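Notes for the one structure printed next.
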Amino acid sequence: QATIIIRNLALEPGNEEPIVDSGVLPPLIALLRSPFERLQEHSCVALRNLSVNADNKVYIVDEGALPPLIALLRSQDENIQEQACGTIWSLSVNADNRPRIVQEG
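Residue numbers (the working numbering): 23 to 127.
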């Protein structure tokens with residue numbers, strides 16, 4: 023449920039940076055590797071919502087989100103594939119992240 027709460031709180035403009043500052047990135051990124059598909063999905067969406075903030079785009083990549091996000095592109099669940107793709111796309115808006123995405127994927 024915490025992932026859903028973070029996902030929803032991140033929709034409110036201005037909440038993205040304080041949420042990331044609270045230390046949520048490592049647990050959210052760890053949940054991308056969860057064996058439970060709904061946790062993977064909610065974590066993807068939470069990260070995408072947090073990545074609306076330009077600084078967070080860099081922090082999310084720096085914290086190691088790319089390898090598990092790219093792995094989720096091969097999920098059997100098409101919704102998870104879409105959410106992972108959307109998150110990676112959002113991260114790619116930052117020019118510094120683009121070469122890192124290519125390198126990882």
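By construction, the Cβ of each residue, glycine as well, lies at the ideal position given by its N, Cα and C atoms.
These numbers come from a predicted model, not from an experiment.
- Sequence-distant Cβ neighbours of R60 in its own chain, meaning closer than 7 Å and more than five residues away, do not exist here.
- Taking 8 Å as the cut-off, the beta carbon of L72 is found no closer than this to the beta carbon of Q62.
- The residue from H64, V42 and A117 with its alpha-carbon nearest to that of N75 is V42.
- Distance from the CA of L94 to the CA of E100, rounded to the nearest whole angstrom, comes to 10 Å.
- Nearest neighbour of L69 by Cα position, chosen from G36, Q105, V124 and D118, turns out to be Q105.
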